[in-house]
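In the working numbering, the protein residues as written are 1 to 353.
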């Protein structure tokens, strides 16, 4: 992103902040148990053409022997298989999405070798169980199998099986707890002000009765009216559609030096300061006494003053305008912002990514 594009993006963002904003409750919250779940398993990948674990990793050989004996008892021993190089022991992970899963849904499976194999290229996962551990109890989630697709030829020990896990049952998320549900506010919007305001909006929408209250800066508990507990979907939908004003976020500057990205949020202020930048100049065209577009008077300076007259502190826009005047490249802008923070002139949280 060049500095012109960055300046335009920041200007648009500032313009939007000038208007009263509102979002639906559903836009900035989730139900408390509406979350992703990672499920795991172990499996054998076969068909890797001499790049498998072999006797350098006997766990794989023992698992292969156990699998063969399960189908044909007594047919194979660890000693018989110790030179087998076409299979590898792998870990398996899949993610059930936040909105849950249903019997027959397919999930992508992440495959990773952790033995002595040198490559999973050309390998196929033998049918393997995928399980979820909940409260010290292991629950079968689905069965996985299929060809392994390498993410990158330069990292041949990891890959994915697209749609490789088929769910063996329903795994719903977002259920109710004792006639109640909890709204979890997304981190950027979370605050006591937001949770308290959200609870008030919910109560006001339901004839002013107390159905909701703030539990923390991130969490609002909502009780479902007795008349709607048998079919709560309408009440939950009604609550999620309620508009809630977006409260201005805390003053924060987030910098990613690797990508050269600077994101500024909230009402960032800086103390009165003069910025001088290495050899770059500001050019200001002042009309001559007899104004002429062809013959302007040009004043140049290597410094720019911010709020030297009003001692109340400069706003974010003043800083952006000053850096634009200095024609400062993005990396130098980052250095200036870091120095402002270091000297206590930047009144905002500085987050480095």
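Where is the CB? At the ideal position from N, CA and C, for every residue including glycine.
Quiz item: Given that a residue counts as buried once 16 or more other Cβ atoms are within 10 Å of its Cβ, and exposed if not, what is residue 24?
Solution: Here residue 24 refers to the residue found at position 24 when the chain shown is read from its first residue. Counting Cβ neighbours within 10 Å, residue 24 comes out exposed, since fewer than 16 surround it.
Practice problem: Compute the distance between the beta-carbons of residue 177 and residue 140, then report whether it is under 8 Å. | Solution: Working through the chain shown from its first residue, we reach residue 177 at position 177. Working through the chain shown from its first residue, we reach residue 140 at position 140. Going by C-beta atoms, residue 177 is not nearer than 8 Å to residue 140.
Self-check item: Assigned exposure category for residue 133 - 16 Cβ within 10 Å defines buried
Solution: Reading the chain shown from its first residue, position 133 is the one you call residue 133. With a threshold of 16 other beta carbon atoms within 10 Å, residue 133 falls short and is exposed.
Quiz item: Taking one C-beta from the segment 181-200 and one from the segment 214-227 each time, how about it: are there three or more such pairs within less than 8 Å?
Solution: yes
Exercise. Let me know the secondary structure DSSP gives residue 110 once reduced to three states.
Key: By 1-based counting over the chain shown, the position of residue 110 is 110. When DSSP states are grouped into helix, strand and coil, residue 110 belongs to the strand group.
Self-check item: Secondary structure of residue 245, DSSP reduced to three states
Solution: Position 245 of the chain shown, counted from the first residue, corresponds to residue 245. Under the three-state reduction of DSSP, residue 245 is assigned to strand.
Exercise. Look at the Cβ atom of residue 94, then the Cβ atom of residue 123, and state whether they are nearer than 8 Å.
Key: For this step, residue 94 is matched to residue 94 along the chain shown. For this step, residue 123 is matched to residue 123 along the chain shown. No, these two residues do not count as a Cβ contact at 8 Å.
Quiz item: So which of 84, 26, 38, 76 has the shortest CA-CA distance to residue 46?
Solution: As a first step, residue 46 must be located in the chain shown, where it is residue number 46. Comparing Cα positions, the closest option is 84.
Self-check item: Secondary structure of residue 33, DSSP reduced to three states
Solution: Taking the chain shown and counting its residues from 1, one reaches residue 33 at position 33. Looking at residue 33 - three-state DSSP - the assignment turns out to be coil, as it is neither helix nor strand.
Practice problem: Measuring alpha carbon to alpha carbon, tell me which of 43, 138, 250, 153 ends up nearest residue 125. | Solution: Sequence index remark: in the chain shown, residue 125 carries index 125 (1-based). Ranking the options by Cα distance to residue 125, first place goes to 43.
Practice problem: Check each candidate in 109, 223, 55 and name the one with the smallest Cα separation from residue 182. | Solution: Here the question's residue 182 lines up with position 182 in the chain shown. Cα-wise, what sits closest to residue 182 is 223.
Quiz prompt | the segment 52-71 contacting the segment 259-276, beta-carbon criterion three pairs below 8 Å | solution = no
Quiz item: With DSSP run on the structure shown, which of helix, strand or coil describes residue 328?
Solution: Here the question's residue 328 lines up with position 328 in the chain shown. Note: residue 328 maps to coil in three-state DSSP.
Quiz item: What's the C-alpha gap between residue 228 and residue 242?
Solution: Translated into the one-based positions of the chain shown, residue 228 becomes position 228. Translated into the one-based positions of the chain shown, residue 242 becomes position 242. Going by the C-alpha atoms only, they are around 18 Å apart.
Self-check item: Reference residue 112; option with closest CA among 158, 68, 250
Solution: Numbered from 1 along the chain shown, position 112 holds the residue referred to as residue 112. Checking every option, the nearest Cα to that of residue 112 belongs to 158.
Quiz prompt | Uninterrupted alpha helix (DSSP H) stretches inside the segment 196-279 (no shorter than 4 residues) | solution = Unbroken alpha helix (DSSP H) stretches of 4 residues or longer found wholly inside the segment 196-279: 233-240, given in chain order.
Exercise. Identify which residue in 109, 31, 27, 61 has its Cα closest to the Cα of residue 41.
Key: Here residue 41 refers to the residue found at position 41 when the chain shown is read from its first residue. Nearest of 109, 31, 27, 61 to residue 41, Cα basis: 109.
Quiz item: Less than 8 Å separating the beta-carbons of residue 184 and residue 244?
Solution: Position 184 of the chain shown, counted from the first residue, corresponds to residue 184. Position 244 of the chain shown, counted from the first residue, corresponds to residue 244. Against a cut-off of 8 Å, the Cβ pair of residue 244 and residue 184 comes out as no contact.
Self-check item: Continuous alpha helix (DSSP H) stretch holding residue 145: start and end
Solution: Translated into the one-based positions of the chain shown, residue 145 becomes position 145. Annotation for residue 145: no alpha helix (DSSP H) segment contains it, though the beta strand (DSSP E) segment containing it runs 137-147.
Quiz item: Where does the unbroken beta strand (DSSP E) through residue 90 begin, and where does it stop?
Solution: What you label residue 90 is simply residue 90 of the chain shown in a count that begins at 1. Residues 87-96.
Quiz item: To the nearest angstrom, how far is it from the Cα of residue 340 to the Cα of residue 333?
Solution: By 1-based counting over the chain shown, the position of residue 340 is 340. By 1-based counting over the chain shown, the position of residue 333 is 333. So the two alpha carbons sit approximately 11 Å from each other.
Quiz item: Would you report the Cα separation of residue 246 and residue 199, rounded to the nearest angstrom?
Solution: On the chain shown, residue 246 is found 246 positions in, with the first residue counted as 1. On the chain shown, residue 199 is found 199 positions in, with the first residue counted as 1. Each residue's alpha carbon lies about 14 Å from the other.
Quiz prompt | Nearest neighbour of residue 62, chosen from 73, 187, 81, 190 [CA to CA] | solution = Within the chain shown, residue 62 is the residue found at index 62, counting from 1. Closest by alpha carbon: 81.
Quiz item: Is residue 345 buried or exposed, if buried means 16 or more other CB atoms sit within 10 Å of its CB?
Solution: Start at 1 with the first residue of the chain shown, and residue 345 comes out as number 345. By the 10 Å Cβ count, residue 345 comes out buried.
Quiz item: Cβ atoms of residue 186 and residue 320: under 8 Å apart, would you say?
Solution: Numbered from 1 along the chain shown, position 320 holds the residue referred to as residue 320. Numbered from 1 along the chain shown, position 186 holds the residue referred to as residue 186. Taking 8 Å as the Cβ cut-off, residue 320 and residue 186 do not qualify as a contacting pair.
Practice problem: Would you check if the distance between the CB atom of residue 260 and the CB atom of residue 336 is smaller than 8 Å? | Solution: Position 260 of the chain shown, counted from the start, is the residue given in the question as residue 260. Position 336 of the chain shown, counted from the start, is the residue given in the question as residue 336. Contact flag unset, no.
Quiz item: Do residue 121 and residue 48 have their C-beta atoms closer together than 8 Å?
Solution: The sequence position of residue 121 within the chain shown is 121, counting from 1. The sequence position of residue 48 within the chain shown is 48, counting from 1. A contact, by the Cβ cut-off of 8 Å.
Self-check item: Three-state secondary structure assigned by DSSP to residue 56
Solution: The count along the chain shown starts at 1 and reaches residue 56 at position 56. Looking at residue 56 - three-state DSSP - the assignment turns out to be helix.
Exercise. Closer than 8 Å by C-beta to residue 160: which residues in its own chain qualify, once you throw out the five before and the five after it? Chain order, please.
Key: Taking the chain shown and counting its residues from 1, the one referred to as residue 160 is at position 160. Counting only Cβ-Cβ distances below 8 Å, and skipping sequence neighbours, we find 108, 109, 110, 111, 148, 149, 151.
Quiz prompt | Distance CB(residue 173)-CB(residue 66) smaller than 8 Å | solution = Walking along the chain shown from the start, residue 173 turns up at place 173. Walking along the chain shown from the start, residue 66 turns up at place 66. In this structure, residue 66 does not lie closer than 8 Å to residue 173 by Cβ.
Quiz prompt | Element boundaries [alpha helix (DSSP H), containing residue 183] | solution = Stepping through the chain shown from its first residue, residue 183 is reached at position 183. No alpha helix (DSSP H) contains residue 183, which is instead part of the beta strand (DSSP E) from 180-185.
Quiz item: Quick one: what does DSSP say residue 339 is sitting in, helix, strand or coil?
Solution: Residue numbering aside, residue 339 sits at position 339 when the chain shown is read from its first letter. Three-state result, residue 339: helix.
Exercise. Quick one: using the 10 Å Cβ neighbour count with 16 as the cut-off for buried, is residue 22 buried or exposed?
Key: Numbered from its first residue, the chain shown carries residue 22 at position 22. Exposed, since its Cβ has fewer than 16 Cβ neighbours within 10 Å.
Exercise. Look at the alpha carbon of residue 221 and the alpha carbon of residue 213, and state the distance between them as a whole number of angstroms.
Key: Position 221 of the chain shown, counted from the start, is the residue given in the question as residue 221. Position 213 of the chain shown, counted from the start, is the residue given in the question as residue 213. Going from the Cα of residue 221 to the Cα of residue 213 covers about 6 Å.
Quiz prompt | Backbone CA spacing between residue 128 and residue 34 [nearest angstrom] | solution = On the chain shown, residue 128 is found 128 positions in, with the first residue counted as 1. On the chain shown, residue 34 is found 34 positions in, with the first residue counted as 1. The straight-line gap from Cα to Cα measures roughly 27 Å.
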